[in-house]
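A.B. asks: This structure is in structure tokens; I'll ask about it shortly.
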Amino acid sequence: MTQSTQDQTYSAVARRAAADPEGFWLEAAEAIDWTVPPTRAVDGSRAPVYRWFPDGELNVCANALDRHVAAGRGAQAALVYDSPVTGTVRTYTYAELLDEVSRFARALAERGVGREDTVVIYMPMVPEAVVAMLACARLGAVHSVVFGGFAANELAVRIDDIRPKAVISASAGIERNRVIEYKPLLDRALEIAEAEPEFSVVVQREQSPAQLREGFDLDYARLLEAAQEGIDPVPVKATDPLYVLYTSGTTGKPKGILRDAGGCAVALQWSMPHVFDLHPGDTMFTASDVGWVVGHSYIVYAPLLAGVTTVLYEGKPIGTPDAGAFFRVIEEHGVNVFFAAPTAMRVVRKEDPDGEHPAARDLSSLRAVFLAGERLDPDTWEWTTQMLRSSTGRDIPVVDNWWQTETGWPIAANPLGIERLPLRPGSPTVPTPGYQVRVVDSAGAPVPAGTEGLIVIDLPLPPGTLAGLWGDEERYVSSYLSAFEGTYLTGDSGMIDEDGYVYVMGRTDDVINVAGHRLSTGVLEAVVASHPGVTECAVIGVHDETKGQIPRAFVVLSPGADAQTVPAELVSLVRSEVGPVAALRQVDVVEALPKTRSGKILRKTMREIVDGEEVRIPSTIEDVTVLESLREGLSR
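Quick note on the working numbering: the sequence shown kicks off at 259 and runs consecutively.
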């Protein structure tokens, strides 16, 4: 922890970050090794577009690996690969990971990949995915990870947008009951795409090796074997791009979120001790995927920058082999902080409502659980909290935290490493120091405490947030910075109470208008989810001739719940808790809710189905059969 925040309160740290961002972030930057240390924190000469540490130079890979080895900590575990789908557990020390990354970087460099080149990574959750990301960062090349198994058309769109010099992939992705052949998908994408990478590198998986094309496809293992020595890290400007990550569900021209090297390194390094209370030698298990922003930030970069051991998990919350999978990993690897999506905990709850699996494990190492990726409803928060208490005999904080692909790290969270604040169900607690969060009405005017409105963040956003959109600054400004002068529009609605606690109710398009009354579907979902017979739910606004819109609920029932009585009970519960204005009349019981691979419920797609509109199936969907089942059920 830096001297300025040690033994201080959250309020003091947040005030200083707001009053003196220049001094605050320059001091935070001292935790990073620079080849040219920055003398300025923020450049606002092109406002509303701001750049961080404009005169600094560094290499992010060197900060994630080399400096820890140089400091004598090369024998510490850096990466633990735990793959129940293949029965594999392997640990890489910092020295071993540095060796493989630097040798793979040399192999790429020998084939012409260098600073400012772009590389697409299309990989499952295997160590080579992390190696590829860090190798690109070592060379100053820009990586763009596309979620493994994405459809060929969607992959082609991203290839055309970023125009990579190389593509790094694997022969297949392994799941509990199927093998997904990646190589045919990649080959088809390259046929569709106009851009032509110069070569591809393929990690051959023994469960399903691929046929390589001579002269284009290169075998990862052979490249690594031929690279006897590593290559030194290449210094880049702090404002140079580190990676581009495409947001889920893009239509038309994809929206590539651009992250810069210096801001990303400083923010993620700062967040580990201050938000997560994690320090060198600790262990973090983030149950996400490197294809998502959570995986970029808290599987790969933040833990390694901070000298923390990170767990790379290739499996599911349930079925690999059961609902105790996460708790096995926590026990076996001595995990201190566990990070997952609320959806994961709801799935675990459905399979193990009494918490028998965690109760059978030694979770003594666990200090905190962080949940993010979608709104954490109070019922799931309460169940997770109680489950951990009964399993461990301790009060382990379950920390809701709110952020976006665009921001790259939490906008609001409970800052455990500064001061553990009282937790409140339904709130990700308070704005993280550096974020100036406000709630305004549709005209941009501030609203009173406790009043719902549009959530905005005053500019400049802190370091680590998006530096722009890949190749399209005009779209960046028009999409995010133009609604109200001097602010970033989050696209979320919510409120801030009198104590400064933030409540995020949902995307602004998840606010429905019932006969002139604006209702947040997040509020309705919280009430529906509180029923003991409901495991998961989604509330959407559907068209109504009289009232404009009315809410409709879709619920997945808990084991043993009565499908005949629960819907009527939910209608009564919403009327009691929200009022008759909510006008909830219809509750559909479904086997599962359609979601993205990152766990977000596809509410917009559900609305399109219910309203009879043309439905574009999102490329990020986890299981298209769930959507088709929903469509068939509604057509009956």
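We put the beta carbon where it would ideally sit given N, CA and C, even for glycine.
Fair warning: this is a prediction, and the values are worked out from it, not measured in the lab.
Under 8 Å, do A485 and Q462 count as touching if we go by C-beta distance?
C.D. replies: Along the sequence shown, one-based indexing puts residue 485 at 227. Along the sequence shown, one-based indexing puts residue 462 at 204. In this structure, Q462 does not lie closer than 8 Å to A485 by Cβ.
A.B. asks: Starting from A581 and walking both ways along the beta strand (DSSP E), at which residues does that stretch end?
C.D. replies: For the purposes of this step, residue 581 is identified with residue 323 of the sequence shown, where counting begins at 1. That residue, A581, is in no beta strand (DSSP E); it is neither H nor E in DSSP.
A.B. asks: With a 10 Å radius around its C-beta and 16 neighbouring C-beta atoms as the bar for buried, classify T263 as buried or exposed.
C.D. replies: What you label residue 263 is simply residue 5 of the sequence shown in a count that begins at 1. With a pLDDT of 49 at T263, under the threshold of 50, the modelled position of that residue is not reliable, and the figure given next carries that caveat. Its Cβ being crowded by 16 or more others within 10 Å, T263 is buried.
A.B. asks: The alpha helix (DSSP H) spanning A598 covers which residue range?
C.D. replies: Counting from one through the sequence shown, the residue named residue 598 turns up at place 340. Element bounds for A598: not the alpha helix (DSSP H) but the beta strand (DSSP E), V595 to A598.
A.B. asks: With distances taken from CA atoms, which of R416, V705 and E456 is nearest G473?
C.D. replies: Position 215 of the sequence shown holds residue 473. If we check each option's Cα against that of G473, E456 comes out closest.
A.B. asks: CA-CA distance, D750 and G764?
C.D. replies: Numbered from 1 along the sequence shown, position 492 holds the residue referred to as residue 750. Numbered from 1 along the sequence shown, position 506 holds the residue referred to as residue 764. Cα to Cα, D750 sits roughly 6 Å from G764.
A.B. asks: So, is H801 buried or exposed, given that buried needs 16 or more other C-beta atoms within 10 angstroms?
C.D. replies: Walking along the sequence shown from the start, residue 801 turns up at place 543. By the 10 Å Cβ count, H801 comes out exposed.
A.B. asks: Helix, strand or coil: which one does DSSP assign to Y759?
C.D. replies: Translated into the one-based positions of the sequence shown, residue 759 becomes position 501. Note: Y759 maps to coil in three-state DSSP.
A.B. asks: When the Cα atoms are used, what is the spatial distance from Q344 to R298?
C.D. replies: Looking up residue 344 in the sequence shown gives position 86. Looking up residue 298 in the sequence shown gives position 40. A small fix is needed here, since residue 344 is Thr in this sequence, not Gln. T344 and R298: Cα-Cα distance of roughly 48 Å.
A.B. asks: What's the C-alpha gap between R373 and L397?
C.D. replies: Counted from its first residue, the sequence shown places residue 373 at position 115. Counted from its first residue, the sequence shown places residue 397 at position 139. One C-alpha to the other measures close to 6 Å.
A.B. asks: Given that a residue counts as buried once 16 or more other Cβ atoms are within 10 Å of its Cβ, and exposed if not, what is N435?
C.D. replies: Residue numbering aside, residue 435 sits at position 177 when the sequence shown is read from its first letter. Burial call: exposed.
A.B. asks: Whose C-beta lies closer than 6 Å to the C-beta of P636 among residues of the same chain, with five residues either side of it excluded?
C.D. replies: Translated into positions along the sequence shown, residue 636 becomes position 378. P683, G684 and A784, listed in sequence order.
A.B. asks: Does the beta-carbon of T638 have 16 or more other beta-carbons within 10 angstroms, so that it is buried, or is it exposed?
C.D. replies: Here residue 638 is taken as the residue at index 380 of the sequence shown, counted from 1. T638 comes out buried.
A.B. asks: Comparing C-alpha positions only, which one of A519, D547 and I489 sits nearest to L500?
C.D. replies: For the purposes of this step, residue 500 is identified with residue 242 of the sequence shown, where counting begins at 1. The shortest Cα separation from L500 among A519, D547 and I489 belongs to A519.
A.B. asks: When you compare the segment 816 to 831 with the segment 867 to 882, are there three or more beta-carbon pairs, one atom per stretch, that lie closer than 8 Å?
C.D. replies: Taking 8 Å as the limit for Cβ pairs, the verdict is that the segment 867 to 882 does not touch the segment 816 to 831.
A.B. asks: With DSSP collapsed to three states, give me the class of E890.
C.D. replies: Position 632 of the sequence shown, counting from 1, holds the residue named residue 890. Three-state DSSP puts E890 in a helix.
A.B. asks: Going by CA-CA distance only, name the one from G549, D699 and M645 that's closest to V404.
C.D. replies: Start at 1 with the first residue of the sequence shown, and residue 404 comes out as number 146. That would be G549, whose Cα lies nearest to the Cα of V404.
A.B. asks: Quick check for students: name the residue ranges of the alpha helix (DSSP H) that lie wholly in the segment 456 to 536, counting only runs of 4 or more.
C.D. replies: You should have 478 to 484 and 519 to 532.
A.B. asks: Which runs of the beta strand (DSSP E) fall wholly inside the segment 598 to 662 and span at least 3 residues, in chain order?
C.D. replies: List check, beta strand (DSSP E) in window: 626 to 629 and 656 to 658.
A.B. asks: At 4 residues or longer, what runs of the alpha helix (DSSP H) sit wholly inside the segment 807 to 859?
C.D. replies: The segment 807 to 859 contains these whole alpha helix (DSSP H) runs: 824 to 835.
A.B. asks: Whose CA, out of G799, T748 and L842, lies closest to the CA of R861?
C.D. replies: If you number the sequence shown from 1, residue 861 lands on position 603. R861 has its Cα closest to that of G799, out of G799, T748 and L842.
A.B. asks: Taking the Cβ atom as the reference point for each residue, do W528 and A329 lie within a distance shorter than 8 Å?
C.D. replies: In the sequence shown, counting from the first residue as 1, residue 528 sits at position 270. In the sequence shown, counting from the first residue as 1, residue 329 sits at position 71. The answer is no: Cβ separation not under 8 Å.
A.B. asks: How would you write the range of the beta strand (DSSP E) that V751 sits in, first residue to last?
C.D. replies: Against the sequence shown, residue 751 aligns to sequence position 493. Note that residue 751 corresponds to Ser in the displayed sequence, not to Val. Looking at the DSSP string, the run of the beta strand (DSSP E) that includes S751 is T745 to I754.
A.B. asks: For I417, I'd like the list of residues in its chain whose CB is within less than 8 Å of its CB, leaving aside the five on either flank, ordered along the chain.
C.D. replies: Stepping through the sequence shown from its first residue, residue 417 is reached at position 159. These residues qualify, in order along the chain: V378, V425, A447, L448, A451, A453 and P455.
A.B. asks: Cβ atoms of G302 and P718: under 8 Å apart, would you say?
C.D. replies: Walking along the sequence shown from the start, residue 718 turns up at place 460. Walking along the sequence shown from the start, residue 302 turns up at place 44. Contact: yes.
A.B. asks: In the DSSP assignment, find the beta strand (DSSP E) that holds W310 and state where it starts and stops.
C.D. replies: Taking the first residue of the sequence shown as 1, we reach residue 310 at position 52. Segment V307 to W310, the beta strand (DSSP E) holding W310.
A.B. asks: Kindly give me the distance between the Cβ atoms of W667 and W660, rounded to whole angstroms, as I take these residues to be in contact under 8 Å.
C.D. replies: Along the sequence shown, read from residue 1 onward, the residue named residue 667 stands at position 409. Along the sequence shown, read from residue 1 onward, the residue named residue 660 stands at position 402. About 11 Å separates the two Cβ atoms, so there is no contact after all.
A.B. asks: Taking E880 as the reference, which of Q465, R865 and P852 has the closest Cα?
C.D. replies: One-based indexing of the sequence shown puts residue 880 at position 622. Of Q465, R865 and P852, the residue nearest in Cα terms is P852.
A.B. asks: Which residue from R625, M603 and T601 puts its Cα closest to that of E589?
C.D. replies: The sequence position of residue 589 within the sequence shown is 331, counting from 1. Nearest C-alpha to E589: R625.
A.B. asks: What three-state label does DSSP hand A784 in the structure shown?
C.D. replies: Mapped onto the sequence shown, residue 784 falls at position 526. Note: A784 maps to helix in three-state DSSP.
A.B. asks: Can you tell which of P611, A410, R586 and G780 has the C-alpha that lies nearest to the C-alpha of D960?
C.D. replies: Residue 960 cannot be examined here, being either before or after the span of the chain that is shown, 259 to 894.
A.B. asks: Per the DSSP calculation, R304 is bridged to which residue(s)?
C.D. replies: Locating residue 304 in the sequence shown gives position 46, where the first residue counts as 1. Note: R304 sits in a beta bridge opposite V307.
A.B. asks: Can you have a look at R273 and say buried or exposed, based on whether 16 or more other CB atoms are within 10 angstroms of its CB?
C.D. replies: Your numbering for residue 273 matches position 15 in the sequence shown. Per the 10 Å Cβ criterion, exposed.
A.B. asks: Just to confirm the assignment, what range does the alpha helix (DSSP H) spanning R416 have?
C.D. replies: Translated into the one-based positions of the sequence shown, residue 416 becomes position 158. A410 to I420 is the span of the alpha helix (DSSP H), which, as asked, contains R416.
A.B. asks: Can you give the Cα-Cα distance for L570 and L392, rounded to whole angstroms?
C.D. replies: On the sequence shown, position 312 is the one that residue 570 refers to. On the sequence shown, position 134 is the one that residue 392 refers to. In a straight line, the C-alpha of L570 is about 15 Å away from that of L392.
A.B. asks: Which whole-angstrom value describes the C-beta separation of T643 and A670, a residue pair presumed to lie in contact below a C-beta threshold of 8 Å?
C.D. replies: In the sequence shown, residue 643 corresponds to position 385, counting from 1. In the sequence shown, residue 670 corresponds to position 412, counting from 1. No, T643 and A670 are not in contact; Cβ-Cβ is about 18 Å, not under 8 Å.
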